[in-house]
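Presented below is the structure to which this report refers.
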Amino acid sequence: MNIGSYFRLEGVLVAGAVGLYVQARNGALWEVGWLKNVGHLLQSNVAVEGIRTGAETIAVNWIEAIEPIGRALSSTNM
292 MNIGSYFRLE GVLVAGAVGL YVQARNGALW EVGWLKNVGH LLQSNVAVEG
342 IRTGAETIAV NWIEAIEPIG RALSSTNM
């Protein structure tokens with residue numbers, strides 16, 4: 292995925308010293324900057340969509356809480 296491409300990321304939203312980050316399932320820490328009105332999503336699983344602006348940096352267009360994949364699979368009795 293190239294810089295400037297539209298990108299979707301899933302992970303845990305965490306606060307850092309200089310902004311917010313999404314820690315992906317593979318352990319990568321993606322910088323998402325400062326977002327308004329997302330305090331209730333901290334430490335929650337989220338899906339983020341936006342434009343990739345750098346190495347592990349995304350300009351967020353959309354963010355939403357999601358269910359962890361393990362819990363979603365267990366609720367479907369798989």
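Per the working numbering, the sequence shown starts with residue 292, numbered consecutively. Virtual Cβ for every residue (Gly too), placed ideally from N, Cα, C. This structure is a prediction, so every number in the text was calculated from the model and none was measured.
By the Cβ test, the region 309 to 323 is in contact with the region 346 to 354, since at least three Cβ pairs between them sit closer than 8 Å. Each of I354, A338, R343 was checked against the Cα of A315, and the nearest Cα belongs to A338. Here I294 is exposed, its C-beta having fewer than 16 other C-beta atoms within 10 Å.
Under the DSSP assignment, G341 falls in the beta strand (DSSP E) whose first and last residues are 336 to 345. Note that the C-beta distance between L332 and A356 is below 7 Å. Counting other Cβ atoms within 10 Å of its Cβ, N336 reaches 16 or more and is therefore classed as buried.
For the 7 Å CB-CB criterion, G302 and V309 do not form a contact.
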